[in-house]
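Structure first, commentary second.
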Amino acid sequence: MDPLIPSTMPPDRVKTVGDNTPLGRAAQPVELAPPYVMLATKEVGYITGATVPVTGARPFP
14 MDPLIPSTMP PDRVKTVGDN TPLGRAAQPV ELAPPYVMLA TKEVGYITGA TVPVTGARPF
74 P
């Protein structure tokens with residue numbers, strides 16, 4: 014999927030972004046920030062080589 018850049022999409026396409034996710038909507042920035050913040054803290058220094066799937070309830074292989 015291409016990154017969401019609303020200014021480059023037709024308005025009808027922007028309205029439906031995220032409709033195909035199990036949650037039925039696109040993520041909001043506040044929902045995506047916690048994993049980034051967690052990985053940026055020194056408290057998780059023992060976590061290495063991990064994948065943190067932020068998938069909107071879509072199963073991750």
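If you count the sequence shown from 1, position 6 lands on 19 in my numbering, and the numbers rise without skipping.
The beta carbon of each residue, even a glycine, is placed where N, CA and C say it ideally should be.
Test item: CB-CB of residue i and residue j under 8 angstroms
i, j, result
"residue 45", "residue 67", "yes"
"residue 71", "residue 21", "no"
"residue 65", "residue 48", "yes"
Spatial neighbours of residue i in its chain, beta-carbon cut-off 6 angstroms, leaving aside the 5 residues before and after
i, result
"residue 38", "31"
Reduced DSSP secondary structure (H/G/I, E/B, other) of residue i
i, result
"residue 32", "coil"
"residue 48", "helix"
"residue 26", "helix"
"residue 54", "coil"
7 angstroms Cβ shell around residue i - same chain, five flanking residues per side excluded
i, result
"residue 27", "19"
Chain-order list of residues whose beta-carbon lies under 8 angstroms from that of residue i (same chain, five-residue window excluded)
i, result
"residue 14", "With a pLDDT of 48 at residue 14, under the threshold of 50, the modelled position of that residue is not reliable, and the figure given next carries that caveat. Cβ within range, chain order: n/a, list empty."
"residue 57", "51"
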